[in-house]
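Peer 1: In my numbering, the protein residues as written are -10 to 88. We treat Cβ as the ideally placed atom computed from N, Cα and C, and that holds for glycine.
#1: Would you mind reading off the limits of the alpha helix (DSSP H) that contains residue 32?
#2: What are the boundary residues of the alpha helix (DSSP H) that residue 21 is part of?
#3: Ordered along the chain, which non-local residues of its own chain (more than five positions away) have a Cβ less than 8 Å from that of residue 36?
#4: Would you call residue -8 buried or exposed, if buried means 16 or more other Cβ atoms sit within 10 Å of its Cβ?
#5: Alpha carbon to alpha carbon, how far is residue 13 from residue -5? Give it in angstroms, no decimals.
#6: Apply the 10 Å Cβ neighbour rule to residue 40 and answer buried if 16 or more other Cβ atoms are within range, or exposed otherwise.
#7: Starting from residue 65, follow the alpha helix (DSSP H) in both directions and report where the run begins and ends.
#8: Output the distance between the C-alpha atoms of residue 46 and residue 61, rounded to the nearest integer angstrom.
#9: Which whole-angstrom value describes the C-beta separation of residue 115 and residue 25, a residue pair presumed to lie in contact below a C-beta threshold of 8 Å?
#10: Note down, in chain order, each residue of its chain lying with its Cβ closer than 8 Å to the Cβ of residue 4, except the 5 sequence neighbours on either side.
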């Protein structure tokens, strides 16, 4: 097993597509934050490295995203998204539509 096969087995092709989309969007948001520099750059790159490490491990074994250790994965995604909105949202009530 690996994490991607596990996600596909649990949620089907639509779920795998959504999972991969979340990973790609999170990577793009992280790189945009990293270009700003500062302390947030180090934090976000550390979170992104943790996500990458989880998936590197997940190539040979799996931790289901819904399992208790998977909570840290979702927490890292939430922190990256919150930091992105802090820097790029400009206190707008409009949803972010561009990356």
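Peer 2: Looking at the coordinates:
#1: 27 to 46
#2: -8 to 23
#3: 19, 65, 68 and 69
#4: buried
#5: 18 Å
#6: buried
#7: 59 to 77
#8: 15 Å
#9: The structure shown does not extend to residue 115, since the chain is modelled only from -10 through 88, so no value can be given for it.
#10: -4 and -3
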